[in-house]
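Just so you know, we're using this note's numbering here: the sequence shown kicks off at 8 and counts up by one. Step one of this worksheet: look at the structure below.
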Amino acid sequence: MTASTTVIGHRSSEVRDGRLLLHFEVHLPHGYEPVWSAVATGPGLRGWLARPEVLQRRLGGAVTLVWPGGPTVSGRITAWDVDHVAEYTLAGYGRMRFHLDAVGTDSTLVRFTNERAAVPDAERLDALAAWHEHFERLADALDGHPVDWITWTPARRAELRAYYAGS
8 MTASTTVIGH RSSEVRDGRL LLHFEVHLPH GYEPVWSAVA TGPGLRGWLA
58 RPEVLQRRLG GAVTLVWPGG PTVSGRITAW DVDHVAEYTL AGYGRMRFHL
108 DAVGTDSTLV RFTNERAAVP DAERLDALAA WHEHFERLAD ALDGHPVDWI
158 TWTPARRAEL RAYYAGS
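As structure tokens, this is what we get:
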């Protein structure tokens with residue numbers, strides 16, 4: 008369950024120059040440091056996104072993420088501004104950029120962009136639903152409830168996909 012004070016606000020998708028751009032703004036009722044840890048460290052990423060097999064936390068560093076029951080993907084850290092920007096560019100998943108802004112002392116705004124090759128509309132809806140669910144999982148992890156990948160089912164993602172298909 009996602010904390011009621013977490014807001015997955017502005018979200019959009021567009022195709023520009025043959026590239027699909029997904030944008031989310033997520034307002035989390037957590038201080039800056041825990042949110043940075045969640046998007047930029049191995050233990051943090053494991054709690055809501057994927058298990059980092061490799062994570063060299065520096066510009067140009069290698070990154071390999073393993074999704075439970077899914078693919079293992081590798082790439083590079085293509086932007087790294089400690090405490091502000093973590094950007095991973097992964098084969099098949101494109102560029103995933105997390106830009107953090109502190110809002111006071113007890114909340115953080117995450118501006119997220121995923122830039123990838125343009126895909127058919129069905130895959131665009133899947134990507135929107137997947138990222139939305141991941142941000143719900145991020146909020147849960149920050150609330151002390153990291154995802155239990157063994158019990159995860161695609162039910163919530165299917166609900167979100169239907170939502171995006173209807174909007």
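Note that CB positions come from ideal geometry on N, CA and C, so glycine has one too. Small disclaimer: the values here were computed from a predicted structure and weren't measured.
Integer Cβ distance of leucine 145 from tryptophan 55, believed to fall under 8 angstroms: Start at 1 with the first residue of the sequence shown, and residue 145 comes out as number 138. Start at 1 with the first residue of the sequence shown, and residue 55 comes out as number 48. About 4 angstroms; that satisfies the 8 angstroms criterion.
Secondary structure of tyrosine 100, DSSP reduced to three states: On the sequence shown, position 93 is the one that residue 100 refers to. Looking at tyrosine 100 - three-state DSSP - the assignment turns out to be coil, as it is neither helix nor strand.
The region 123 to 130 / the region 54 to 74 touching (three or more Cβ pairs under 8 angstroms): no
Beta-carbon proximity of arginine 58 to valine 73, cut-off 8 angstroms: Within the sequence shown, numbered from 1, the residue matching residue 58 stands at position 51. Within the sequence shown, numbered from 1, the residue matching residue 73 stands at position 66. Yes.
Histidine 152 Cβ short of 7 angstroms to the ligand COA heavy atom set: The ligand COA is absent from the structure shown, which contains no ligands of any kind.
Runs of alpha helix (DSSP H) lying entirely within the region 20 to 76, each at least 4 residues, in chain order: As summarised for the region 20 to 76, the continuous alpha helix (DSSP H) elements at least 4 residues long and confined to that stretch are 39 to 47 and 49 to 53, given in chain order.
Assigned secondary structure, glycine 175 (DSSP; H/G/I helix, E/B strand, else coil): The displayed coordinates of the chain run from 8 to 174. Any statement about residue 175 would go beyond what the structure contains.
Validate contact between the region 95 to 111 and the region 17 to 25 using beta carbons, cut 8 angstroms, 3 pairs: Not touching, per the Cβ criterion.
Between the CA atoms of phenylalanine 105 and aspartate 90 - distance to the nearest angstrom: Taking the first residue of the sequence shown as position 1, residue 90 is located at position 83. Taking the first residue of the sequence shown as position 1, residue 105 is located at position 98. Distance between the alpha carbons of aspartate 90 and phenylalanine 105 is about 10 angstroms.
First and last residue of the uninterrupted beta strand (DSSP E) at alanine 165: Working through the sequence shown from its first residue, we reach residue 165 at position 158. Here alanine 165 belongs to no beta strand (DSSP E); instead the alpha helix (DSSP H) covers 162 to 173.
Given 8 angstroms, three or more beta-carbon pairs between the region 159 to 170 and the region 27 to 45: At 8 angstroms Cβ cutoff, the stretches do not touch.
Proline 50 versus threonine 120: straight-line alpha-carbon distance, rounded: Stepping through the sequence shown from its first residue, residue 50 is reached at position 43. Stepping through the sequence shown from its first residue, residue 120 is reached at position 113. If I take the Cα positions, the gap works out to 22 angstroms.
Counted within 10 angstroms of its Cβ, other Cβ atoms place isoleucine 157 as buried (16 or more) or exposed: Position 150 of the sequence shown, counted from the start, is the residue given in the question as residue 157. Per the 10 Å Cβ criterion, exposed.
Runs of beta strand (DSSP E) lying entirely within the region 113 to 158, each at least 3 residues, in chain order: 114 to 124
Valine 92 (DSSP reduced to helix, strand or coil): Indexing the sequence shown from 1 puts residue 92 at position 85. Three-state result, valine 92: strand.
Exposed unless 16 or more other CB atoms sit within 10 angstroms - verdict on glutamate 40: On the sequence shown, residue 40 is found 33 positions in, with the first residue counted as 1. Classification for glutamate 40: exposed.
Neighbour-count burial assignment, valine 117, 16 or more Cβ in a 10 Å radius: By one-based count along the sequence shown, residue 117 stands at place 110. Burial call: buried.
Those residues which DSSP pairs with glycine 82 across a bridge: Taking the first residue of the sequence shown as 1, we reach residue 82 at position 75. DSSP, once it has assigned bridges, lists Val70 and Leu97 as partnering glycine 82.
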